[in-house]
Amino acid sequence: MDHFQAVADRVELEALRAEFTDAGMTHDYDRFASLFTRDGAWRIPHAGIEFVGRETIRAGIERAQARWEFFVQTVHPGALRIDGDTATGRVFVVEFGRLHDGASHANHALYHDRYRRSPDGWKFVERVYEVRYVDSTPLPGSPPRPAGSLVDP
(Lines of atoms letter the chains of each structure in order from A; the text may use other names.)
(Lines give C-alpha, C1' and ligand atoms only; values in the text may rest on other atoms or scores of the structure.)
Protein backbone atom coordinates (compact mmCIF):
# COMPACT_ATOMS: atom_id res chain seq x y z
CA MET A 1 0.00 0.00 0.00
CA ASP A 2 1.15 3.51 -0.78
CA HIS A 3 2.58 5.30 2.26
CA PHE A 4 0.41 8.38 1.67
CA GLN A 5 -2.72 6.24 1.42
CA ALA A 6 -1.83 4.53 4.71
CA VAL A 7 -1.46 7.91 6.41
CA ALA A 8 -4.74 9.15 4.87
CA ASP A 9 -6.55 6.00 6.04
CA ARG A 10 -5.29 6.48 9.61
CA VAL A 11 -6.39 10.12 9.64
CA GLU A 12 -9.83 9.20 8.26
CA LEU A 13 -10.30 6.38 10.78
CA GLU A 14 -9.32 8.64 13.70
CA ALA A 15 -11.80 11.22 12.40
CA LEU A 16 -14.53 8.53 12.25
CA ARG A 17 -13.85 7.56 15.85
CA ALA A 18 -13.96 11.21 16.93
CA GLU A 19 -17.22 11.80 15.01
CA PHE A 20 -18.86 8.97 16.98
CA THR A 21 -18.21 10.70 20.31
CA ASP A 22 -19.05 14.14 18.95
CA ALA A 23 -22.35 13.00 17.41
CA GLY A 24 -23.36 11.23 20.63
CA MET A 25 -22.42 14.14 22.88
CA THR A 26 -24.24 16.69 20.67
CA HIS A 27 -27.32 14.48 20.20
CA ASP A 28 -26.87 14.38 16.42
CA TYR A 29 -28.49 10.97 16.08
CA ASP A 30 -28.72 10.96 12.27
CA ARG A 31 -24.98 11.63 11.99
CA PHE A 32 -24.29 9.03 14.69
CA ALA A 33 -26.14 6.31 12.74
CA SER A 34 -24.55 7.37 9.44
CA LEU A 35 -21.12 6.45 10.82
CA PHE A 36 -22.04 2.75 10.54
CA THR A 37 -22.39 0.59 7.45
CA ARG A 38 -26.04 -0.08 6.57
CA ASP A 39 -25.78 -3.47 8.31
CA GLY A 40 -23.44 -2.20 11.03
CA ALA A 41 -23.76 -3.23 14.66
CA TRP A 42 -23.29 -1.41 17.97
CA ARG A 43 -23.05 -3.85 20.88
CA ILE A 44 -22.84 -3.31 24.63
CA PRO A 45 -22.77 -6.92 25.93
CA HIS A 46 -22.63 -6.22 29.69
CA ALA A 47 -25.96 -4.37 29.39
CA GLY A 48 -27.51 -6.89 26.97
CA ILE A 49 -27.70 -4.21 24.25
CA GLU A 50 -27.34 -4.90 20.54
CA PHE A 51 -28.38 -2.54 17.76
CA VAL A 52 -28.01 -3.75 14.18
CA GLY A 53 -28.66 -1.50 11.17
CA ARG A 54 -28.63 2.27 10.96
CA GLU A 55 -32.29 2.78 11.84
CA THR A 56 -32.00 0.63 14.95
CA ILE A 57 -28.73 2.30 15.95
CA ARG A 58 -30.31 5.74 15.55
CA ALA A 59 -33.32 4.82 17.67
CA GLY A 60 -31.05 3.19 20.25
CA ILE A 61 -28.75 6.17 20.77
CA GLU A 62 -31.71 8.56 21.02
CA ARG A 63 -33.42 6.34 23.59
CA ALA A 64 -30.17 5.91 25.57
CA GLN A 65 -29.35 9.63 25.64
CA ALA A 66 -32.89 10.51 26.79
CA ARG A 67 -32.20 8.69 30.09
CA TRP A 68 -29.37 11.05 31.12
CA GLU A 69 -29.57 14.33 33.04
CA PHE A 70 -26.00 14.79 31.78
CA PHE A 71 -23.47 12.50 30.13
CA VAL A 72 -19.79 13.01 29.28
CA GLN A 73 -17.62 10.69 27.19
CA THR A 74 -13.94 11.10 26.42
CA VAL A 75 -12.08 8.79 24.07
CA HIS A 76 -8.38 8.05 23.84
CA PRO A 77 -6.78 6.52 20.74
CA GLY A 78 -5.73 2.91 20.84
CA ALA A 79 -4.58 0.33 18.33
CA LEU A 80 -5.43 0.54 14.64
CA ARG A 81 -4.64 -2.10 12.00
CA ILE A 82 -5.51 -1.49 8.36
CA ASP A 83 -5.73 -4.28 5.80
CA GLY A 84 -6.78 -2.85 2.44
CA ASP A 85 -10.45 -1.84 2.63
CA THR A 86 -11.00 -3.25 6.13
CA ALA A 87 -9.49 -2.42 9.48
CA THR A 88 -9.70 -3.27 13.16
CA GLY A 89 -8.98 -1.15 16.19
CA ARG A 90 -9.55 -0.24 19.80
CA VAL A 91 -10.23 3.01 21.62
CA PHE A 92 -10.21 3.63 25.35
CA VAL A 93 -13.26 5.35 26.84
CA VAL A 94 -14.01 7.23 30.05
CA GLU A 95 -17.67 8.07 30.75
CA PHE A 96 -19.62 9.60 33.57
CA GLY A 97 -23.03 11.07 34.09
CA ARG A 98 -26.22 11.10 36.07
CA LEU A 99 -29.49 9.55 34.98
CA HIS A 100 -32.82 11.37 35.38
CA ASP A 101 -33.67 8.96 38.22
CA GLY A 102 -30.67 10.34 40.17
CA ALA A 103 -28.38 7.32 39.72
CA SER A 104 -24.76 8.17 38.95
CA HIS A 105 -22.52 6.21 36.64
CA ALA A 106 -18.81 6.33 35.83
CA ASN A 107 -16.81 3.78 33.90
CA HIS A 108 -13.62 3.02 32.01
CA ALA A 109 -14.03 0.86 28.93
CA LEU A 110 -12.78 -0.10 25.48
CA TYR A 111 -14.44 -0.16 22.10
CA HIS A 112 -13.36 -3.09 19.93
CA ASP A 113 -13.98 -1.97 16.36
CA ARG A 114 -14.21 -3.34 12.85
CA TYR A 115 -14.23 -0.85 9.96
CA ARG A 116 -14.85 -0.99 6.21
CA ARG A 117 -14.05 1.50 3.49
CA SER A 118 -17.19 2.54 1.60
CA PRO A 119 -17.84 4.96 -1.27
CA ASP A 120 -18.67 7.49 1.50
CA GLY A 121 -15.42 6.85 3.40
CA TRP A 122 -14.61 4.61 6.34
CA LYS A 123 -17.55 3.30 8.40
CA PHE A 124 -18.00 1.16 11.48
CA VAL A 125 -18.98 -2.42 10.70
CA GLU A 126 -19.13 -3.18 14.40
CA ARG A 127 -18.41 -1.49 17.73
CA VAL A 128 -18.35 -3.71 20.82
CA TYR A 129 -18.16 -1.97 24.20
CA GLU A 130 -16.18 -3.75 26.93
CA VAL A 131 -16.45 -2.19 30.39
CA ARG A 132 -13.37 -2.64 32.58
CA TYR A 133 -14.37 -0.56 35.63
CA VAL A 134 -17.71 0.75 36.94
CA ASP A 135 -18.45 3.17 39.78
CA SER A 136 -21.99 4.07 40.87
CA THR A 137 -20.91 6.40 43.70
CA PRO A 138 -23.09 9.53 43.58
CA LEU A 139 -21.40 12.25 41.56
CA PRO A 140 -20.94 15.38 43.69
CA GLY A 141 -20.98 17.85 40.79
CA SER A 142 -23.59 18.98 38.33
CA PRO A 143 -23.75 20.66 34.94
CA PRO A 144 -23.32 24.44 35.08
CA ARG A 145 -26.42 26.58 35.07
CA PRO A 146 -27.19 28.49 31.87
CA ALA A 147 -25.67 31.96 31.60
CA GLY A 148 -27.88 34.56 33.26
CA SER A 149 -29.27 32.13 35.83
CA LEU A 150 -26.59 32.83 38.44
CA VAL A 151 -27.78 34.78 41.46
CA ASP A 152 -25.53 37.53 42.84
CA PRO A 153 -24.36 36.77 46.40
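Sequence positions in the sequence shown follow the UniProt record's numbering and run 1 to 153.
For glycine and all other residues, C-beta sits at the position ideal for the given N, C-alpha and C.
Keep in mind that this is a model prediction, so the values were computed, not measured.
Among the options, which one has its Cα closest to the Cα of residue i?
i: GLY60; options: HIS3, ASP28 and GLY84; result: ASP28
i: PHE92; options: ARG145, THR86 and HIS108; result: HIS108
i: ARG114; options: VAL75, GLY24, THR37 and VAL134; result: THR37
i: ASP2; options: ALA33, ASP83 and GLY102; result: ASP83
i: TRP68; options: SER104, HIS112 and ALA87; result: SER104
In angstroms with no decimal places, state the Cα-to-Cα distance between residue i and residue j.
i: ILE44; j: ALA6; result: 30 Å
i: GLU19; j: LEU35; result: 8 Å
i: PRO153; j: SER142; result: Because the pLDDT of PRO153 is 49, which lies under 50, any placement of that residue in the model is unreliable, and the question is left without a value.
i: GLY121; j: GLY53; result: 17 Å
i: HIS100; j: GLY40; result: 29 Å
i: residue 220; j: GLY97; result: In the structure as shown, the chain starts at 1 and stops at 153, and residue 220 therefore has no counterpart that could be examined.
i: GLY89; j: ALA8; result: 16 Å
i: SER136; j: GLU14; result: 30 Å
i: PHE51; j: GLU126; result: 10 Å
i: PHE32; j: ARG63; result: 13 Å
Along the chain, where does the alpha helix (DSSP H) containing residue i start, and where does it finish?
i: ALA41; result: Run containing ALA41: none in the alpha helix (DSSP H); it sits in the beta strand (DSSP E), 36-44.
i: GLY60; result: 54-65
For the beta strand (DSSP E) that contains residue i, what are its first and last residues?
i: HIS27; result: Counting along the chain, HIS27 falls outside any beta strand (DSSP E), and DSSP gives it neither H nor E.
i: THR137; result: Run containing THR137: none; DSSP gives neither H nor E here.
i: ASP83; result: 68-83
Could you pull the DSSP bridge partners for residue i from this structure?
i: ARG114; result: THR88 and GLU126
i: SER142; result: SER142 pairs with nothing; no bridge assigned.
i: ALA106; result: PHE96 and ASP135
Is the region 38-55 touching the region 121-141, taking contact as three or more C-beta pairs under 8 Å?
-> yes
Quiz item: Taking contact to mean at least 3 C-beta pairs separated by less than 8 Å, is the region 77-90 in contact with the region 51-66?
Solution: no
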